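Here's the structure we're looking at; comments come further down.
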Amino acid sequence: MHPQFCSIFTDFVDQHNLKDNQFGLEVTETAELADLAVARESLELLKSKGIKIALDDFGAGYASLKYVRELPIDVVKLDKQFTFNVSDPTTARLISFVSELCKDLNLEMIGEGIETEEEKKMMIDLGCKTGQGYLMHRPDFWSHLKQRNYKIGQAYTKADIKRR
38 MHPQFCSIFT
48 DFVDQHNLKD
58 NQFGLEVTET
68 AELADLAVAR
78 ESLELLKSKG
88 IKIALDDFGA
98 GYASLKYVRE
108 LPIDVVKLDK
118 QFTFNVSDPT
128 TARLISFVSE
138 LCKDLNLEMI
148 GEGIETEEEK
158 KMMIDLGCKT
168 GQGYLMHRPD
178 FWSHLKQRNY
188 KIGQAYTKAD
198 IKRR
């Protein structure tokens, strides 16, 4: 993470009269953070302003649990490789384990890559109550979403999968 990221980001927010709590920042789990102490300090500053910090692609890289332990995250986004293989018994046990871990650490868990009703149901059964993927909505341009009256702050690719 670039040492001046926080100041650049907060300056942008201030200049455009935006609210910090409308933003979330995703740290990709597969990215190696050169200086974990600098990253932690930067993320703590952003979190103190109300910005949610998500650990993206959880389980795809080499530092998943280290980042959960070392960084001030609010959300774990389980990599889509787990969703795609949710019917495999070992994968299902891993998803259930991560779900319990998130509950114990008071973290939100989002299952990425949910494309079918069957995947959605199995993820719910394994404790993953929030999902993201083509089943909910395909990626779209902001201008198209505004035309459809999506509200700022409502994620259009993330939905409580119990409601769908």
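For the working numbering, add 37 to where a residue sits in the sequence shown, where the first one is 1.
Note that the Cβ used here is the ideal one computed from N, Cα and C, for glycine as well.
Predicted model only: the values in this text are computed from it and were never measured.
- Linking threonine 127 to leucine 82 through their CA atoms gives a straight-line distance of about 38 Å.
- The alpha carbon of lysine 86 has as its nearest neighbour, out of Ser44, Val64, Leu73, Lys114, the alpha carbon of Ser44.
- Under the DSSP assignment, valine 135 falls in the alpha helix (DSSP H) whose first and last residues are 126 to 141.
- CA-to-CA, the gap between proline 109 and lysine 103 works out to about 11 Å.
- Residue environment: serine 180 is assigned as exposed (fewer than 16 neighbouring CB atoms within 10 Å of its CB, all protein chains considered).
- Contact annotation, glycine 168 with isoleucine 151: C-beta distance approximately 4 Å; criterion of less than 8 Å satisfied.
- Glutamate 63: member of the beta strand (DSSP E) spanning 61 to 65, first to last residue.
- Between the alpha carbons of alanine 76 and glutamate 63 lies a gap of roughly 12 Å.
- Taking 8 Å as the cut-off, the Cβ atoms of glycine 96 and aspartate 116 count as close.
- About 17 Å separates the beta carbon of threonine 120 from that of glycine 98, a gap too long to meet the 8 Å contact definition.
- Annotation: leucine 115 is outside any alpha helix (DSSP H); the continuous beta strand (DSSP E) that includes it extends over 112 to 115.
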